[in-house]
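**Student:** Next up is a structure, given as structure tokens.
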Amino acid sequence: MSVEAWVREFARLVTAEAPRLTELDSAIGDADHGANLSRGLNAVVSALDTSSFPDDGALLKKVGMVLVSTVGGASGPLYGTFFLRAAGALGDGFPAAFRAGVDGVAARGKSTTGEKTMLDALVPAAEALAAGKDWAAVVDAAETGRDATIPLVARKGRASYLGERSAGHLDPGAASATLLVTAAATTLGA
Ligand code: ADP
Ligand code: MG
Ligand code: MG
Numbered sequence: 001m002s003v004e005a006w007v008r009e010f011a012r013l014v015t016a017e018a019p020r021l022t023e024l025d026s027a028i029g030d031a032d033h034g035a036n037l038s039r040g041l042n043a044v045v046s047a048l049d050t051s052s053f054p055d056d057g058a059l060l061k062k063v064g065m066v067l068v069s070t071v072g073g074a075s076g077p078l079y080g081t082f083f084l085r086a087a088g089a090l091g092d093g094f095p096a097a098f099r100a101g102v103d104g105v106a107a108r109g110k111s112t113t114g115e116k117t118m119l120d121a122l123v124p125a126a127e128a129l130a131a132g133k134d135w136a137a138v139v140d141a142a143e144t145g146r147d148a149t150i151p152l153v154a155r156k157g158r159a160s161y162l163g164e165r166s167a168g169h170l171d172p173g174a175a176s177a178t179l180l181v182t183a184a185a186t187t188l189g190a
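Under the UniProt record's numbering, the sequence shown has 148 at position 148, and the numbering climbs by one with no breaks.
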């Protein structure tokens, strides 16, 4: 299966889960994560529908640029950077591209694991991919990382403004990042 199918499946899952993502963001943020991402991914799907690309790298680069330009808030530049960096590393295979994307998020966000962000789902998934684990284990790594954000105190993004009060809630970006991994397993793991 293609990276185009991956991106389209991510868009489908985010659209379906948008109310839930926004609800998570209402607890520790500004209640816009689902709306932000689904708006951006709708624009991505429109771009995919109306353009053709010479290769998958060019396609992922377009995805990144559309997300950067259409998603407000922290998650737009971060997911945009993920796809732009992944685009540049696709020639080295999917695990390397995914790793490059995750490293891009960390660099752009000046963030690391344990800070209650999307990286808590993305980094374990990248590590499982690099270790050659099967897709079920990769998804499990993302889900475990996502769920482990619940007790954490947020150190980055809007949730960090809450300090200790951010603990006890699942991070919305870790939830959407798990959808990115699930979409990869569904489309690329087949
Ligand atoms: P905003 O907080 O600007 O409204 P969103 O609600 O769309 O943006 O996205 C919030 C999510 O972005 C958080 O749940 C978190 O996972 C992620 N995030 C925020 N800041 C960072 C960062 N510096 N590094 C990694 N992820 C971050
Ligand atoms: Mg928000
Ligand atoms: Mg916002």
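Even for Gly, the Cβ is constructed at its ideal location relative to N, Cα and C.
If you're wondering where the values come from, they're calculated on a predicted model, not measured in any experiment.
#1: What distance in whole Å lies between the Cβ atoms of V45 and A89, which are believed to be in contact at a cut-off of 8 Å?
#2: Among all residues, which have a Cβ less than 5 Å from at least one non-hydrogen atom of ligand 3, and in what chain order do they fall?
#3: Is it a yes or a no for the stretch 42-56 touching the stretch 27-34, going by three-plus beta-carbon pairs under 8 Å?
#4: Helix, strand or coil: how does DSSP classify K62 here?
#5: Which of the three DSSP states is assigned to T112 in this structure?
#6: Are the beta-carbon atoms of E4 and L67 separated by less than 8 Å?
#7: Is the beta carbon of L78 less than 8 Å from the beta carbon of V102?
#8: Can you list, in chain order, the residues of its chain whose CB lies under 6 Å from that of S160, leaving out five sequence neighbours each side?
#9: Would you say D55 touches ligand 2, meaning its beta carbon is less than 7 Å from a heavy atom?
#10: With distance defined between alpha-carbon atoms, name the residue in L162, K110, G189 nearest to D134.
#11: Measure the C-alpha to C-alpha separation of A141 and V14 and round it to an integer number of angstroms.
#12: Whole angstroms are fine: how far does the CA of A125 sit from the CA of residue 191?
#13: Contact defined as beta carbons within less than 8 Å: I believe V63 pairs with F83. What is the distance between those atoms, to the nearest angstrom?
#14: Using the three-state DSSP reduction, which class does G173 fall into: helix, strand or coil?
#15: Could you have a look at I150 and say whether DSSP puts it in helix, strand or coil?
#16: Are D120 and T81 close, meaning C-beta to C-beta below 8 Å?
#17: Starting from the Cα of M65, find the closest Cα among D55, G76, D56 and give me that residue.
#18: Do you know offhand how far T70's Cα is from G168's?
**Tutor:** On the basis of the coordinates in this document:
#1: Position 89 of the sequence shown, counted from the first residue, corresponds to residue 89. Position 45 of the sequence shown, counted from the first residue, corresponds to residue 45. With a Cβ gap of about 23 Å, A89 and V45 do not count as contacting.
#2: D30, D32, G73
#3: no
#4: Counting from one through the sequence shown, the residue named residue 62 turns up at place 62. Here K62 sits in helix by DSSP.
#5: Taking the first residue of the sequence shown as 1, we reach residue 112 at position 112. In the structure shown, T112 sits in coil (DSSP, three-state: anything other than H, G, I, E or B).
#6: Counted from its first residue, the sequence shown places residue 4 at position 4. Counted from its first residue, the sequence shown places residue 67 at position 67. The answer is no: Cβ separation not under 8 Å.
#7: Position 78 of the sequence shown, counted from the start, is the residue given in the question as residue 78. Position 102 of the sequence shown, counted from the start, is the residue given in the question as residue 102. No, the pair does not count as a contact, with Cβ atoms beyond the cut-off.
#8: Here residue 160 corresponds to residue number 160 of the sequence shown, with the count starting at 1. Once the five neighbours on either side are set aside, the close Cβ partners of S160 are A154.
#9: Position 55 of the sequence shown holds residue 55. It does not: the Cβ of D55 is nowhere closer than 7 Å to a heavy atom of ligand 2.
#10: Taking the first residue of the sequence shown as 1, we reach residue 134 at position 134. The option with the nearest alpha carbon to D134 is G189.
#11: Here residue 141 refers to the residue found at position 141 of the sequence shown. Here residue 14 refers to the residue found at position 14 of the sequence shown. One C-alpha to the other measures close to 19 Å.
#12: This structure leaves residue 191 out entirely; the chain is present only between 1 and 190.
#13: Translated into the one-based positions of the sequence shown, residue 63 becomes position 63. Translated into the one-based positions of the sequence shown, residue 83 becomes position 83. 4 Å between Cβ atoms; contact.
#14: In the sequence shown, counting from the first residue as 1, residue 173 sits at position 173. Helix at G173.
#15: To locate residue 150, count along the sequence shown from 1; it is residue 150. Coil at I150, not helix or strand.
#16: For the purposes of this step, residue 120 is taken as the residue at position 120 of the sequence shown. For the purposes of this step, residue 81 is taken as the residue at position 81 of the sequence shown. Cβ distance not < 8 Å, so D120 and T81 don't count as in contact.
#17: One-based indexing of the sequence shown puts residue 65 at position 65. The residue among D55, G76, D56 with its C-alpha nearest the C-alpha of M65 is G76.
#18: Position 70 of the sequence shown, counted from the first residue, corresponds to residue 70. Position 168 of the sequence shown, counted from the first residue, corresponds to residue 168. T70 and G168: Cα-Cα distance of roughly 31 Å.
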